[in-house]
Amino acid sequence: AKVATDSPDALEVFEDCLRKTYKWTAGLEPLREACDAAHPELNNQAEKCNALQKRFESSSCLHATKQDDVCGCRARAVDHFETRRRSISEGESIRQHIYKSAVQMGCYIEVLVSDGADKREDLLTCKDLPIDTSHLEIAFGPVPGEEVACSPARLCSESWLSQEYKAKAWHSKAPAAVCAACGTNVASAPTPTPAPTPSSARDVIVHGSGWAFIALNSNTGKAQCWGAQNFGGSCSGLDFAGVTDVYGAQGGFLALNKNAGEVQTWGNYLGAGGRYVVSGIADVAPVGGYNFVGINGNYGGVHCIGHFFGSFDCYNGWESQSITTIFTDVYSTGSAVMALDKNTGEAQCMGEKGDPAGSCRGLNFTGVTDVYTTAYAFVGLNKNSGEAFCW
Numbered sequence: 001a002k003v004a005t006d007s008p009d010a011l012e013v014f015e016d017c018l019r020k021t022y023k024w025t026a027g028l029e030p031l032r033e034a035c036d037a038a039h040p041e042l043n044n045q046a047e048k049c050n051a052l053q054k055r056f057e058s059s060s061c062l063h064a065t066k067q068d069d070v071c072g073c074r075a076r077a078v079d080h081f082e083t084r085r086r087s088i089s090e091g092e093s094i095r096q097h098i099y100k101s102a103v104q105m106g107c108y109i110e111v112l113v114s115d116g117a118d119k120r121e122d123l124l125t126c127k128d129l130p131i132d133t134s135h136l137e138i139a140f141g142p143v144p145g146e147e148v149a150c151s152p153a154r155l156c157s158e159s160w161l162s163q164e165y166k167a168k169a170w171h172s173k174a175p176a177a178v179c180a181a182c183g184t185n186v187a188s189a190p191t192p193t194p195a196p197t198p199s200s201a202r203d204v205i206v207h208g209s210g211w212a213f214i215a216l217n218s219n220t221g222k223a224q225c226w227g228a229q230n231f232g233g234s235c236s237g238l239d240f241a242g243v244t245d246v247y248g249a250q251g252g253f254l255a256l257n258k259n260a261g262e263v264q265t266w267g268n269y270l271g272a273g274g275r276y277v278v279s280g281i282a283d284v285a286p287v288g289g290y291n292f293v294g295i296n297g298n299y300g301g302v303h304c305i306g307h308f309f310g311s312f313d314c315y316n317g318w319e320s321q322s323i324t325t326i327f328t329d330v331y332s333t334g335s336a337v338m339a340l341d342k343n344t345g346e347a348q349c350m351g352e353k354g355d356p357a358g359s360c361r362g363l364n365f366t367g368v369t370d371v372y373t374t375a376y377a378f379v380g381l382n383k384n385s386g387e388a389f390c391w
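Per my numbering, the sequence shown starts with residue 1, numbered consecutively.
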């Protein structure tokens, strides 16, 4: 109403306010334009950061799995060392006693066959003869300390989030996305447990190793083994509840529960019901006589279980190549392993030094539907095109 006033004083006040408002809004306009221009860049950067976070957490998960393998291996090695030390120490004491007895016996014989007049005094000397057994003492040395921390903070735990994200200077302005724990996806509503169905002969699957068999009822989780007991023919006392797959090698068996991520082995060199928790195992193949190789379908990587020996070193052989690829299937000959992603046609091979089956570089596996093996070679087949090749 005052804009239309005829009062010079009121008009002057209004014009002064208008000039101040113009100056203030004129300074805001460049800031608004810059803010609008920064929004797309912010969104692009957020997408890049989220992708890098996902990659970082996947790598952290793989690192934690390998760390568990190392720590578990060290614990078993220390236990084996202590067992052997106790056994050898008992034998060490016996050897020292035998050596002392032999030296004293030699002294007694020398006195008895000598021409000395006072043999009684010489025999007493033999009885109290000081005997050095230091050359029969074994210095075992101390157990080396842990080179890695075997109780690290677990991925997505509060301490891990604080260490990796929340304690960083950037977190207050650019907080991390929701952390994805190892082997998990977005939680879904639980499905009701179906009622158990009656068992029948169709629920029983028979598997064989080199010297034994196992008949497993997939519905009840009960199994019966027969054959050479040391090669997997005895499985009494083992729990097969939830087992989804069974694999046989010459020396024994491996049972896999894909849902729980649990692996169980028994047989020669494979232990008596040795259990390992390895989440995400997608496929398993026997290697040689006493080994199994499993591929991880969650974040890539290879798990080796069994008795690896000779020039075929499963762990080091695979670690020298990329282990981040997620494969769908694994195959093996007697001394070589091939992992294949049937979706992309990507493959990796490894094997003993000099084994041509252990190298598949340069081969094109796109469209391969099946792989067949012998003790010394692989055959890849594309059933759709009818093409096949071997190496």
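Ideal placement from N, C-alpha and C gives every residue a C-beta, glycine not left out.
Beta-bridge pairing by DSSP links Cys390 to Val379. Burial check for Ile138: the Cβ neighbour count within 10 Å stays below 16, so the residue is exposed.
For His39, the enclosing alpha helix (DSSP H) stretches over residues 8-113.
Under the DSSP assignment, Trp170 falls outside any beta strand (DSSP E); it carries neither an H nor an E label.
Contact between the stretch 325-344 and the stretch 374-385 is present, with at least three C-beta pairs closer than 8 angstroms. Collapsing the DSSP output to three states places Gln250 in coil.
If you look at Ser332, you'll find it isn't in any alpha helix (DSSP H); it sits in the beta strand (DSSP E) that goes 329-332. Within the model, the alpha-carbon separation for Thr220 versus Glu41 is close to 57 angstroms. By the neighbour-count definition (other C-beta atoms within 10 Å, threshold 16), Tyr22 is an exposed residue. Take the alpha-carbon of Leu11 and the one of Glu29: they are about 27 angstroms apart. When only Cα atoms are considered, Phe56 and Thr344 end up about 23 angstroms apart. By the criterion of at least three beta-carbon pairs nearer than 8 angstroms, the stretch 256-265 is in contact with the stretch 241-248. The Cβ atoms of Leu381 and Phe365 lie no closer than 8 angstroms to each other. Look at Trp211 here: in three-state DSSP terms it is coil, with no helix or strand label. DSSP places Glu158 within a helical segment (H, G or I) once states are collapsed to three. In this structure, the beta-carbon distance from Ala212 to Phe231 falls below 8 angstroms. Distance from the CA of Pro8 to the CA of Leu18, rounded to the nearest whole angstrom, comes to 15 angstroms.
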